[in-house]
Amino acid sequence: MNSQNLRPELEQSLEHRSLSGMEGLWKVVHHGNLKTAVLPEKTPRLVIYFRKLVNQHNPITPADFETQGMAVAKEVPAAELMRLPLNVLIENSRIARDPCLPLPSEEMGILDVDFSKSKFKLISRHAKFHKTNEYVIPYMDGRSPLYDSVGGRAYYVAIEYKGDPFGIIIPCAEVFRFFYCTSSRMLYTILSDKILNPDRFIIDPARSGTQEDNPKIAAIWLRQWMLNSDRRHIARLFFTPDAFEEAKTIFLRASGNVGDGAFKHALIASPPNHGEMNLKCIFKRLISKGQERFFVTRLISATNWTIPFDEIHFGRDNDARTIASDKERAELPEDERTQRPNVLVEGAEISILENVPGDNSIVPVEINDTEFESRFPELDKIYSPQIEKINQFTKNAKGKKQLLLADGSLIEGSSAEHEGLVNVILRAMEKAAEIKRIERERDGAQSEPLKELDVRQSKLHDTIEYLELARVDDYYANRLQIDYLPVLDELGLIKGKLVNLLPESIDDKNPVFLYLDADKCVHRPVLIASLNLDGESRYLIDFMQRYGQSNTSSLVLWHPDGKLISDSILDYAINLCVKHGGVKLTDGQLLMSFFGSTFKHTFAEKTAKTKPRQLIEKIFSRENKMNWLCGVEVKD
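Below you can see the structure in the form of structure tokens.
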């Protein structure tokens, strides 16, 4: 997990044991917490509990499949949850029995469930029914995990069924496996802060949306990180109300950013809110004082649910860098991996972990076409062709959003759906910025004081001087407020005022725009200032000119209604400038609600005393020069 709280720990020796070290037949009996990755790994582990079968040779009867001895906890790559749901048997790192068939002590059937928000709740492993003070899930001393143990902090989804608020109980780990884990890539995206940056890692909002007059036709563009096999679920996440919020909350809980860290490292997943559906599942019946309940161990398929699409056209985009020509776009990598064997099938191999890092983001695991059809038969039937990497210009001069389909035709996109997609992404980015701000404040007391940067004199120095002179100018007395904002990770001082430093790289690339010098040694400072004049707010983003250049451009952003601009939007605007190698925001679709303009650091031939006022006038007199929906900068 890639937040500050779940970022890989300092490198240490890896001492993992392969599951092949577990001789004989073992059964998965419980799923515990997530564990922070240890470098050089990048992805989290999951604690899974196994117990040995009573009959180690030829188990047939229900008694043969009972377990003995103490449960053994193993840390496995989190993606192995796709192969290791409850009651799966393993032998020598392989699944020993078809997991899609019930054990003799289990049943298989179809349950009619309602996943509306009012119909289910999250409960802990040790939850008690308030009327009887009895455990909702039977508790056995010596066999059930202790409350304060790694395994004891497991959570479950309790669904109202036939009037019983706990009529159907599903482990959250199983909800996560079934509804969210169509691939290890999707799993690790949700369990990392990539989920808070969907524009960069999941979907391109500039080309994705639904048709204006037929919202059941959707087009989505996958970022390079995602797999083709996840396209239907990505469309479901972004174009079904609240679905993406549920996925995002999985990470926020696990990373300790919900409830003051009360759920840190817990794997808690709520079902996507799709209302009523039929669930084919494997379950055990629980009887408590004559009350019968269903405890689900494995979900098999979901049917009879409302699918918001008839068609999902998909294309593959790059890693959020601007690509201008068809030739360059044609060279972007395709998802051309050969079809993989079944994930959940007898004989499937569990990752070998002995003394090597097990990072399934390198070797992806995914459910194949057959498994997807079996798990989500109605979703699988949706027509979902791939858009070719040619003629991808999807905007027109009228400012209407255009969506490209697989047959090469253009349709007018729904502005409502587009704005909804943008708002979903913005909320995720704002949450990431909030987390970063809290972490910065928490670490501030322990960090060293910021130092004055050793950089050459520049127009940025002049800008700071003019802002400070304007601040004390009698003309602006009680009218002008200026704040220097910390937005990026690295900070410094110029003339004693806070500036941000561009990172070493973005998307694993380090263009010269990030540096002041040709040798790429001196990180480029950028001033981010919030100015409020007579109640009107504007934001100044000022990049220091590179060594050898005489001038640079400043960017001014503001909201037409005077609303404040979040750190995440400012960060996004800076990243766009870096990717374009200049102060411009072409294709800044997430900025569609904001206005922007640029200006040069030139002043009229007057005394130096007037330059501060000229700067303030430039900032607040600029008119909007951007058409975000078209993604085209409108020239003067």
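Per the working numbering: the sequence shown = residues -11 to 624.
Even glycine gets a Cβ: it sits at the ideal position worked out from N, Cα and C.
Only counting the same chain, and skipping five residues up and downstream in sequence, which positions put a Cβ closer than 8 Å to that of residue i?
i           : result
residue 335 : 82, 83
residue 481 : 438, 439, 440, 441, 487
residue 533 : 446, 447, 448, 539, 540
residue 57  : 39, 40
Just to confirm before moving on: does the CB-CB distance between residue i and residue j stay below 8 Å?
i           : j           : result
residue 159 : residue 142 : yes
residue 555 : residue 425 : yes
residue 262 : residue 103 : yes
residue 245 : residue 266 : no
residue 41  : residue 50  : no
residue 207 : residue 392 : yes
residue 54  : residue 285 : no
residue 546 : residue 560 : no
residue 287 : residue 166 : yes
residue 413 : residue 578 : yes
residue 204 : residue 297 : yes
residue 215 : residue 171 : yes
residue 489 : residue 473 : no
residue 25  : residue 184 : no
Would you decide whether residue i is buried or exposed? Buried here means 16 or more other CB atoms lie within 10 Å of its CB.
i           : result
residue 379 : Residue placement at residue 379 cannot be trusted, given a pLDDT of 48 that sits under 50; what the coordinates show is reported in the next sentence. With fewer than 16 Cβ atoms within 10 Å of its Cβ, residue 379 is classed as exposed.
residue 506 : exposed
residue 37  : buried
residue 332 : buried
residue 45  : exposed
residue 467 : exposed
residue 492 : exposed
residue 151 : exposed
residue 121 : exposed
residue 156 : buried
residue 329 : exposed
residue 430 : exposed
residue 149 : buried
residue 538 : exposed
residue 359 : buried
residue 373 : exposed
residue 625 : The displayed coordinates of the chain run from -11 to 624. Any statement about residue 625 would go beyond what the structure contains.
Expressed to the nearest angstrom, what Euclidean distance is found between the alpha-carbon atoms of residue i and residue j?
i           : j           : result
residue 445 : residue 192 : 39 Å
residue 144 : residue 258 : 9 Å
residue 625 : residue 67  : The requested residue 625 is not part of the displayed model; the chain covers only -11 to 624.
residue 613 : residue 583 : 7 Å
residue 512 : residue 112 : 49 Å
residue 79  : residue 20  : 21 Å
residue 447 : residue 213 : 39 Å
residue 624 : residue 587 : Low confidence applies to residue 624: its pLDDT is 31, below 50, so where it sits in the model is not reliable, and the reading given next is rough at best. Going from the Cα of residue 624 to the Cα of residue 587 covers about 11 Å.
residue 525 : residue 607 : 10 Å
residue 9   : residue 501 : 52 Å
residue 275 : residue 281 : 6 Å
residue 154 : residue 62  : 30 Å
residue 200 : residue 399 : 8 Å
residue 589 : residue 542 : 7 Å
residue 535 : residue 514 : 14 Å
residue 634 : residue 175 : Only positions -11 to 624 of the chain appear in this structure, which leaves residue 634 out of reach.
Which residues bound the alpha helix (DSSP H) around residue i?
i           : result
residue 562 : 555 to 568
residue 37  : That residue, residue 37, is in no alpha helix (DSSP H); its beta strand (DSSP E) goes 33 to 41.
residue 168 : 160 to 168
residue 358 : 357 to 363
residue 236 : 231 to 242
residue 227 : 219 to 227
residue 189 : 186 to 189
Which first and last residues belong to the beta strand (DSSP E) in which residue i is found?
i           : result
residue 544 : 541 to 546
residue 611 : Unbroken run through residue 611: none, as it is neither H nor E.
residue 172 : Where residue 172 is concerned, there is no enclosing beta strand (DSSP E), although the alpha helix (DSSP H) it sits in stretches over 172 to 178.
residue 451 : First-last for residue 451: 447 to 459, but that is the alpha helix (DSSP H), not the beta strand (DSSP E).
residue 625 : Outside the displayed span of the chain (-11 to 624) sits residue 625, for which this structure offers no information.
residue 65  : 55 to 65
residue 504 : Run containing residue 504: none; DSSP gives neither H nor E here.
residue 627 : The structure shown does not extend to residue 627, since the chain spans only -11 to 624, so no value can be given for it.
Considering only residues of the same chain and omitting the five flanking positions on each side of residue i, which have a CB-CB separation below 7 Å?
i           : result
residue 230 : 261
residue 585 : 544, 610, 611, 612, 613
residue 483 : 449, 452, 453
residue 256 : 110, 143, 160, 238, 241
In chain order, what residues of the same chain lie with their CB nearer than 6 Å to the CB of residue i, ignoring the 5 residues before and after it?
i           : result
residue 591 : 599, 602
residue 209 : 192, 195, 196, 303, 305
residue 96  : 90, 270
residue 14  : 38, 40, 78
residue 60  : 38
So, is the C-beta of residue i closer than 8 Å to a C-beta in chain B?
i           : result
residue 511 : Chain labels in this structure do not include chain B; a single protein chain is all it has.
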